[in-house]
Amino acid sequence: MKEEVISSDLSGLQRNSYRNMLEKGLCDLFSNIKVIKKDGFILKMNSFNIKYAKPKFSSQDCLMKGRTYSTNLFISLSLRYKGKAICKNKYIQIADLPLITKRGTFIINGNNRVIINQCIRRPGIFFYKDFKDQSLFGTIVPQKGSWVTTKINKRNELYIKIDRAKNNFPAFYVLQILGITKKKIFQSIKRKKFLIQSLSLINKENIGKAKNILKNLNIKCLFLKQNYNLGKIGRKKLNKKIYNNQNILKTNQLQPEDILGTTNYLINIKNGLGQTDDIDDLKNKKIKLIGEIIENQIVINLRELTENIKEKLNKIKTRIKKKNNLKKQNIIQEIINTRILTSAIKNFFNSNQICQIIEEINPLSEITHKRKISSISNSKQKLNLQIREINETHYKKVCPVETVEGKNAGLIWSLTKEARINKDGFIETSFYIKKLLKHNKKTKLKKGIYFISSEYELTSLTNERIKKKAVFIPTSRVQIISIGTSLIPFLEHNDANRALMGSNMQRQAVPLMLKEQPIVSTGVESAIIYNNEHNTISIKSGLVKYTSTKKIIIHENIKTKSKYDYSKNLTNSLEKKKKGFLNNTLYASFVKRIYTLKKARSTSQNTRLYEKSLINKNEWIKKNQVITDGASTYKGKLSLGKNVLVAYMTWKGYNFEDAIVISERLTKENILTSIHVKKYKTFLINNETGEEKLTNNVPNLNTLKKRHLNKTGVIKQGIFVKGNSILVGKVKKIKQPNSSIKLLNLIFKREYIKDTSLRVPLNTSGTILGAKVSKSKSISIIIYILEKRKIQIGDKISGRHGNKGTISKIIKISDMPYLQDGTPIDIILNPLGIPSRMNVGQVFECLLGLSGKYLNENYKILPFDEIYGEKLSNSLVYNKLYEASIKTNKKWIFNPNFPGKMKIFDGKTAKVFKQPVTIGYAYILKLIHLVKDKVTARSIGSYSYITKQPLKGKSKKGGQRFGEMELWALESFGTAYILQEVITIKADDLTNKYKTINSLIKGKNLPEPNSPESIKVFILELQSLCLDISIYNKESKRNILF
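Residue numbers are given in my numbering: position 136 of the sequence shown equals residue 139, and the series is strictly consecutive.
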């Protein structure tokens, strides 16, 4: 099967959109504030002379050192005061703007961030019906400005509303205000009963109210150029809908005739002469690209910038009146406040929900994250089920399977494999045009592949015409699904819900130490390699002259001295010809190309990215060949998991529900061992209690451990550390408040020093990758430790078909069931997880994987293979199993009585299981949900100041706090004394808590529990409600609580 490459490049589209904003978009924005006049000052901005400074640091340096990859934006300004020129065409910095990288990401404070594209309503006009109150609406949506909505309710009354204002205005009255005469209104609208109904709404009271509201709204501002812009697409849509392409208006401003035409069209729909629009149709949607999103953020703050400039000009005028000495160079710098635009852009990148830290767990997660589209609006409107459903126009453009799980299901889309977004913001997909349906004799297209959006598809025509002239032929059978979903073999045999889980699970697969390609793949894996930045692709063919961990040198366009030079001195053997051709002395000319490999670094998901060479010296490289490997690739192929032997059977109840039993071989041979990078951070704190400093002379530290620290006390690179090992040596000099104690310390040269060193947590070990020291407000030291994590109980693993589960038991190799040739099973899965979840594709995969393992073959099976024949998957799997049984002389691989199943032996008893079992090789992924990051236990942590109880949460070192439900559990078993201990001396009975520790050490009886702090807090809350409760002792007659 021929490998397929994604034709669309979303990161390239993002780069182009951002480049257009830098080159053209910002010029148009600043042209709106071209001249600012204030108190005799005239400030002119030459918006066409915008310059950008070269970034101070490279993108790699920003990633490693936690900086922002940005540039300074300069604009040309001219300032005059009372006709005299203060400065002319001087470039002043106006903002600090983040730059986009080659990957299509932004580096903000050392983190790779990506902006999710937004799906919004396209500019134009839309007619829709509200089925609750049976009202019809016609809304004009501009590219810039307010929405104008015309409404007909069930009483046939006509209203006009601006934006989302609560007030509705009689349409007849608004049209007259806009300058349309009564005669023109009556001539344009043929259905006069609606006008009569609208005229009945107009009375003196309504007119008075409407006048006041319309004055406040300033409705005539809708028709000003600077306030309103329909855009080319909006005007085109409006002309086509209202004017039927007759009397076409060319202006992009809203005209009163547009509102009149909207009213007329709405009346026609009410009388059955037109159709409402499907708002969820993709031709009524537009994808808001990254450049437009950033432009909107700048537009919002331009007004604040102009107001700030005017205030500064006013201050300068007062200083001129006081005859203060003002230098001309300083005046222009004082006028522009760069923080206004810079802070707005910075807040957007740090806090906006569409600007997210990119998922870099593996190449698939990164490319999927870039291809996401958000249809979540900023309004607090309830998102009903209709918005989340699949629309027919999503076909081949938006994946019907892959979306997020949870409350945003159906609102976050994923582009299909061949989909792309054009410059206008419409989703296009590729079709092969065999025959063109001509609307115009001048329009002709040759046969070939074209990208077409929903607006220009001919599916909107009647079925008869489509049958007569079928023009669209799909270019691929996996064109209807996304990249992640197309990686699932035998997808057509799975339920869509499980296919969704399988798509999401693949994005969560962590890079393994020992990588392996899948036996059964789909062929789309190579497409992901060619469209991500973790692998280097050769630009041209050539000869490798040098390879290392840092760079690769390839000689391209090699020309020999003569056609026969190398053949004269060599024999006719092909090998000697090759040696002569590859000899340096025969080169007449060549082009030297250097490929720089990316430095190894950690990601925000605590995985490690690296790049290493795949090729050797004097090797001939072809064009578009993968020449480097990454963390999740093996020999230039995507490798997210391992091929392991699985059996679908029960095993003593340990694989009940989604529990999974694995062999000890997976841990011993590092089959599912992953590599992670943990970051440990500490600060040098100087406050009232004391002063910290770095040192390698840590108290009570032996000389063997001291040699691992450098002179400053930071651990050296490459050292293997275990739990409680010192990473950063720190001591704190405790300040003594008493002056007499200070004097004694000076006399006897005595210091009170406390060890505050940063140590490795218990049950953690690894190799030191490096250390980073940063100085801002305080000095911080970050230590990076490389961990090897073996598979263990509690870790989550998954297949590619949504068959996920948690490790419940690790069994010795000798106790695991084994095949008839003695091969032990690696993983035991529950067979009941297949029929109820309807993900049968995993059975086909594991059986075909078994035959591939014994035949030493790999298979590429594109989804939907049964279009070529019924039950083609069954016949393929059975034929390969039969072939494997014949060629390997192991007839038990294929048994005609129960094909796909075989008899296996119990590892403990060596007896054959009664029923035959389905076994095979499945591609298993280790997911990022590791038990080491999840499980937590409280040992020493902070307490709440009010309740005196432990805090909750792993980050606060909290947990093990008895709440209401835990008390019910103890009450149900009648454990009164344990319950009393738990809520008193083991919790927040402060006086007896410390007495209990002393009693346990000295072997004395435990003290009697007293009232806990939580009771006191409860009574104080009641006192705030004017309810005073006290508990008194009969004998002493005193309050027990206080």
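For each residue, glycine too, the CB sits at the ideal point set by N, CA and C.
| Item | Value |
| --- | --- |
| Cut-off 6 Å between Cβ atoms - residues of its own chain near Tyr21, not counting five sequence neighbours on either side | Ile103, Ile293 and Gly294 |
| Supposed contact pair Pro820 and Phe908 - C-beta distance, whole angstroms, cut 8 Å | 6 Å |
| Under the three-state DSSP convention, the category Ile931 falls into | coil |
| Expected contact under 8 Å - CB spacing of Thr987 and Pro1012 to nearest Å | 4 Å |
| Span of the alpha helix (DSSP H) around Thr999 | Leu993 to Lys1005 |
| Residue closest to Phe172, alpha-carbon to alpha-carbon, out of Asn1036, Lys154, Arg158 and Thr184 | Lys154 |
| Nearest neighbour of Ala512, chosen from Ile744, Gly726, Pro403 and Asn365 [CA to CA] | Asn365 |
| Ala662, enclosing alpha helix (DSSP H) - first and last residue | Element bounds for Ala662: not the alpha helix (DSSP H) but the beta strand (DSSP E), Ala662 to Ser666. |
| Where Gly15 falls: helix, strand or coil (DSSP) | helix |
| Same chain, Cβ closer than 8 Å to Lys626, neighbours up to 5 away in sequence not counted | Ser541, Ile542, Lys543 and Ser544 |
| Proximal residues to Val401 (C-beta, below 6 Å), its chain only, five neighbours per side dropped | Trp416 |
| Cα-Cα separation between Phe723 and Ala603, rounded to whole angstroms | 19 Å |
| Segment contact, 8 Å Cβ cut-off, at least three pairs: the stretch 848-868 with the stretch 490-500 | yes |
| Euclidean distance between Cα positions of Leu76 and Ile296 | 18 Å |
| Validate contact between the stretch 496-515 and the stretch 799-811 using beta carbons, cut 8 Å, 3 pairs | yes |
| Simplified DSSP assignment, three categories, for Ser958 | coil |
| Which residues DSSP lists as bridging Phe129, in chain order | Thr142 |
| DSSP state of Gln482 mapped onto helix, strand, coil | coil |
| Residues of its chain near Ile188, where Cβ-Cβ distance is below 6 Å and the 5 sequence neighbours each way are ignored | Leu178 |
| Helix, strand or coil at Glu1038 according to DSSP, with G and I counted as helix | coil |
| Sequence ranges, beta strand (DSSP E) only - wholly within the stretch 159-195, length at least 3 | 161-165 |
| Pairwise C-alpha distance: Leu730 and Lys890 | 58 Å |
| Close beta carbons around Lys85, own chain, < 6 Å, minus the five adjacent residues each side | Gly43 |
| Inter-residue spacing [alpha-carbon to alpha-carbon] between Tyr162 and Phe434 | 44 Å |
| Short Cβ contact (8 Å threshold) for Lys807 with Met504 | yes |
| Opposing strand residues paired with Asp758 [DSSP bridges] | Val734 |
| Same chain, Cβ closer than 6 Å to Leu164, five either side skipped, listed in chain order | What sits at residue 164 in the sequence shown is Lys, not Leu. Only Thr152 and Asn171 meet the Cβ criterion. |
| For Arg510, the first and last residue of its enclosing alpha helix (DSSP H) | Ala499 to Arg510 |
| Nearest-angstrom Cα separation, counted from Arg803 out to Asp868 | 18 Å |
| Whether Ala774 touches Val717 by CB criterion (8 Å) | yes |
| Buried/exposed call for Thr254, threshold 16 Cβ in 10 Å | exposed |
| Range covered by the beta strand (DSSP E) that runs through Lys40 | Val38 to Lys41 |
| Where the alpha helix (DSSP H) containing Cys65 begins and where it ends | Ser62 to Lys68 |
| Ser768 beta carbon less than 8 Å from that of Lys725 | yes |
| Identity of the residues DSSP links to His679 by a beta bridge | Thr610 and Glu790 |
| Residues that DSSP places opposite Thr631 in a beta bridge | Ser616 |
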